[in-house]
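Here's the structure we're looking at; comments come further down.
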Amino acid sequence: FLFTQTPCALTASCLVHTGFALSWAEVSSRVHAGVRAALAAHPAYPVVVTGHSLGGAVATLAAAHLRADDGVPADLYTYGSPRVGNLEFAKFVSDQAEDVGGANYRVTHTDDPVPRLPPISFNYRHVSPEYWIQEGSDRVVELDEVEYCPGYSNVECNGGTKGLDLDAHGWYFQGLYGCLPATPSLRRGELSDEELAARLNMYAGLDVEVARNLHAGGQS
1 FLFTQTPCAL TASCLVHTGF ALSWAEVSSR VHAGVRAALA AHPAYPVVVT
51 GHSLGGAVAT LAAAHLRADD GVPADLYTYG SPRVGNLEFA KFVSDQAEDV
101 GGANYRVTHT DDPVPRLPPI SFNYRHVSPE YWIQEGSDRV VELDEVEYCP
151 GYSNVECNGG TKGLDLDAHG WYFQGLYGCL PATPSLRRGE LSDEELAARL
201 NMYAGLDVEV ARNLHAGGQS
């Protein structure tokens, strides 16, 4: 796994995952132009930015920049998104909902492993809050099965789970892999499923320890 970070211009001391930043940079000019054109034609329409997995990470960057650069009060919905940047970035995006307008809905599902990456111990934090679906796949989700989980380094919800449950990553209110022959796998190099699960569990254990120390020091 590569967890390198690169500076971002959104706020002071902002760092984001290098790969996610490159993915956003590839499409950013077209997204900005497309949204501006759409709003010029339909100024009363709301703007909603959404994505799953890597798409959730890019959607987070897109919403942050649409709000900051264009003043667009975009709503952000992500499903199974990894952590995108450091604490300064996570706080900035979380606070935008009040400062600029637009809401943040970061949805996770049971023990989906993707939202546990990149690890807290590698200087990554999540946008707050999290909406954690606690029930399994292939079923309708009821409101009381979704837990509200605030905090940038929260490990009480999805962040406190372990294992390599890729089925959980592929089910958010409905199946997300209908056009694919099989559930995609995480990039793992030469690691087996067992080795990858052990690596993820090690990260999760470290994150719980780091988060507890942060919380003991008054950080959320």
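Using the UniProt record's numbering, the first residue of the sequence shown is number 1, and each one after it goes up by one.
Backbone N, C-alpha and C fix where the C-beta goes; we use that ideal spot for every residue, glycine too.
| said: Please tell me whether Gly102 and Pro129 are closer than 8 Å, where the distance is taken between their beta carbons. | reply: In this structure, the beta-carbon distance from Gly102 to Pro129 does not fall below 8 Å.
Exercise for review: Closer than 6 Å by C-beta to His215: which residues in its own chain qualify, once you throw out the five before and the five after it? Chain order, please.
Suggested key: none
Ends of the alpha helix (DSSP H) at Asn213?
-> Asp193 to Ala216
Does the segment 83-96 come close enough to the segment 31-46 that 3 or more CB-CB pairs lie under 8 Å?
-> no
To the nearest angstrom, how far is the alpha carbon of Leu10 from that of Leu61?
10 Å
From which residue to which residue does the alpha helix (DSSP H) around Gln219 run? Here Gln219 belongs to no alpha helix (DSSP H), and DSSP marks it neither H nor E.
Beta strand (DSSP E) runs wholly inside the segment 92-155, at least 3 long, in chain order
104-109, 130-133 and 146-149
Check your understanding: Would a C-beta distance cut-off of 8 Å place Arg125 and Leu87 closer than the cut-off?
Key -> yes
Practice item. Starting from the C-beta of Arg67, find all residues in its chain whose C-beta is less than 7 Å away, skip the five residues before and the five after it, and write them out in chain order. Key: Short of 7 Å from the beta carbon of Arg67, and not among the five residues preceding or following it, lie these beta carbons of its own chain, in chain order: Pro73, Ala74, Gln96, Val100 and Gly102.
* To do: Starting from the Cα of Tyr12, find the closest Cα among Ala21, Phe89, Ser81 and Ala63 and give me that residue.
  => The sequence as given places Ala at residue 12; Tyr does not occur at that position. The shortest C-alpha separation from Ala12 is found at Phe89.
Margin query: I need the straight-line Cα distance from Ala37 to Pro7, nearest angstrom please.
Written below: 29 Å
Could you say which of Asn201, Gly51 and Ala33 lies nearest to Tyr172 if we only look at CA atoms? Gly51
What is the DSSP secondary structure of Asp165, reduced to helix, strand or coil? coil
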